[in-house]
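Just so we're aligned, residue 2 is where the sequence shown starts under our numbering, counting upward by one.
As structure tokens, the structure follows; a few thoughts come after it.
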Amino acid sequence: MLKQACADLPLATDTTMKITTIEQAGYERVAKCEDPAAGLTAYIAVHNTTLGPALGGLRMWSYESEKAAITDVLRLSRGMTFKSSVAKTGLGGGKSVIVGNPRTDKTAKLFEAMGRFVDSFGGQYITAEDVGVGIEDLMHVRKTTKWVTGLSRADGGSGNPSPYTALGCFEGVKAAAIEAWGSDDLKGKVVAMQGPGNVGFPLGEQLVKAGARLVVCDVNQENVDRAVKQLGAQAVMPNDIYDVPCDIFSPCALGGILNDDTIPRLKCKVIAGAANNQLLDEVKHAAAVTARGLVYAPDYVINAGGIINVSLELEPGGYNEAAAVKKIQNIFEALRSIFETARKQKITTHAAAQAVAEANLAAGPAKKKAAAPAAR
Ligand code: NAD
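Next up, the structure:
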């Protein structure tokens, strides 16, 4: 049950902004921001900063209700804690969401107000892009807070994280293929991809280059057309993707898509994709996937490429692409090890990943990050 209480944080620069603390067990800090003048309703959740400041993207989405927005930000920020813990980024877990339609509701004023909200966390939370939010939006956020990563290379950032997330996912698909078929050869494999967007499309490019064939679905027809035209993909309707006979199901859209309805329908051997929070119920649905004999690459392990890339911005020497790529390629071995543990201990791959995350959290921080993103 959520309990809300007004925190009355001082925000001298904007008198219409109201920030309300939301008490949430297991989270260090959760807050809601309302700024009617800027058209902003947003939430920030800091789950855990044991290993460093909480870094996680800013999502913009047309949530149906306040409950849906809060549920999303809580699940996403918790996932970031485990993702960064397994990937050893030296960061904690946090996330933020703006309630609104990213196609129609974006304004400079909205993102400047969001920057003030981020700033009110004093560095406990550092933002970046996520679904519905791009570098151009973060440039407005940057006007009112320094706690922003993932800006363009020209502005001293590490750029769009999506291609790096895709690179990590490709490594993860290969690791899962070894677990399923004893080889990482993807030639002739059929991949059913849900959502060939910013991550899915470059992942699709790598899969096709490796000899795989794609079947895609998307609620955005432009992205379907691009995959058909440029990747030779076959298109299916969004709700049909779960029934496609394939070797690999690759969820690259939104969360909760591994559930009571979809798991029995899947006709794949491997589940490996970029989407966050793929399991609607982490325990129940991880067990259901395992019971069906499917190799599931835990989402927060396979999709850590973006956070790894961004985390390099906070290294004392600043961003270094070669170092980022090398670290992202470790996702291959991280997943191999998780698959092996799950197989030997007869536990779900989700439980095996969770054990690694918890152990790293218990061991504490390995090294200190820079106090703030480099001045730009
Ligand atoms: P995106 O918006 O560019 O791509 C998602 C695609 O999914 C879009 O084309 C969208 O139209 C489509 N989609 C949405 N709902 C759908 C549905 N019901 N059926 C079919 N398609 C649907 O986002 P992205 O940046 O590529 O991220 C994709 C997923 O990966 C998200 O869950 C995100 O949280 C996760 N992720 C992204 C990154 C990153 O670096 N961008 C990093 C880690 C995790």
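Glycine included, C-beta positions come from ideal geometry on N, C-alpha and C.
Query: Should the stretch 93 to 105 be regarded as contacting the stretch 28 to 48, the criterion being three or more beta carbon pairs within less than 8 Å?; Result: yes
Query: Going along the chain, which residues of its own chain have a beta-carbon closer than 6 Å to the beta-carbon of residue 379, five neighbours each way excluded?; Result: What is shown of the chain runs 2 to 377, which leaves residue 379 out entirely.
Query: When you compare each of 62, 110, 112 and 126 to residue 93 by their alpha carbons, which one comes out closest?; Result: 126
Query: Report, in whole angstroms, the separation of the C-beta atoms of residue 320 and residue 159, which I expect to be a contact under 8 Å.; Result: 5 Å
Query: Is it the case that the Cβ atoms of residue 82 and residue 312 are separated by a distance below 8 Å?; Result: no
Query: Where residue 195 and residue 219 are concerned, what is the direct C-alpha to C-alpha distance, given to the nearest angstrom?; Result: 6 Å
Query: Out of curiosity, what's the CA-to-CA distance linking residue 200 and residue 20?; Result: 33 Å
Query: Looking only at its own chain, which residues have a Cβ that is under 6 Å from the Cβ of residue 5, when we skip the five neighbours before and after it?; Result: Model confidence at residue 5 stands at a pLDDT of 32, short of 50, so the residue's coordinates are unreliable and nothing is read from them.
Query: Is residue 3 helix, strand or coil by DSSP?; Result: Unreliable placement is indicated for residue 3, whose pLDDT of 28 sits below 50; the coordinate value is still reported in the next sentence. Three-state result, residue 3: coil.
Query: Shorter than 7 Å, the distance from the beta carbon of residue 50 to the closest heavy atom of the ligand NAD, or not?; Result: no
Query: Assuming contact is defined by CB atoms lying nearer than 8 Å, are residue 176 and residue 337 in contact in what I supplied?; Result: yes
Query: Can you check DSSP and say which residues form a bridge with residue 49?; Result: 94
Query: How many whole angstroms separate the CB atoms of residue 151 and residue 129, which I take to be in contact at a CB cut-off of 8 Å?; Result: 4 Å
Query: Return the chain-ordered ranges of every alpha helix (DSSP H) run that is complete within the stretch 114 to 143 and spans a minimum of 4 residues.; Result: 136 to 142
Query: Suppose only complete runs of 3+ residues qualify. What are the beta strand (DSSP E) ranges in the stretch 193 to 252, listed by chain order?; Result: 214 to 218 and 249 to 252
Query: Below 8 Å on the Cβ atoms is my guess for residue 249 versus residue 273; work out the distance and round it to an integer in Å.; Result: 6 Å
Query: If you measure between the beta carbons of residue 38 and residue 48, is that distance less than 8 Å?; Result: no
Query: Go ahead and pull the three-state DSSP assignment for residue 35.; Result: strand
Query: Is residue 264 near residue 289, with beta carbons less than 8 Å apart?; Result: yes
Query: Alpha carbon to alpha carbon, what distance is there between residue 137 and residue 174?; Result: 31 Å
Query: Mind checking whether the beta-carbon of residue 41 lies closer than 7 Å to any heavy atom of the ligand NAD?; Result: no
Query: Rounded to the nearest angstrom, what separates residue 246 and residue 266 at their Cα positions?; Result: 10 Å
Query: Leaving out the 5 sequence neighbours to the left and right, which residues in its chain are closer than 7 Å to residue 133 when beta-carbon positions are compared?; Result: 60, 61, 62 and 103
Query: Is DSSP giving residue 182 helix, strand or coil here?; Result: helix
Query: Can you tell me whether residue 65 is buried or exposed, with buried defined as 16 or more other CB within 10 angstroms of its CB?; Result: exposed
Query: In the DSSP assignment, find the unbroken alpha helix (DSSP H) run with residue 81 in it and report its ends.; Result: 67 to 88
Query: From the DSSP output, in three-state form, read off residue 322 for me.; Result: helix
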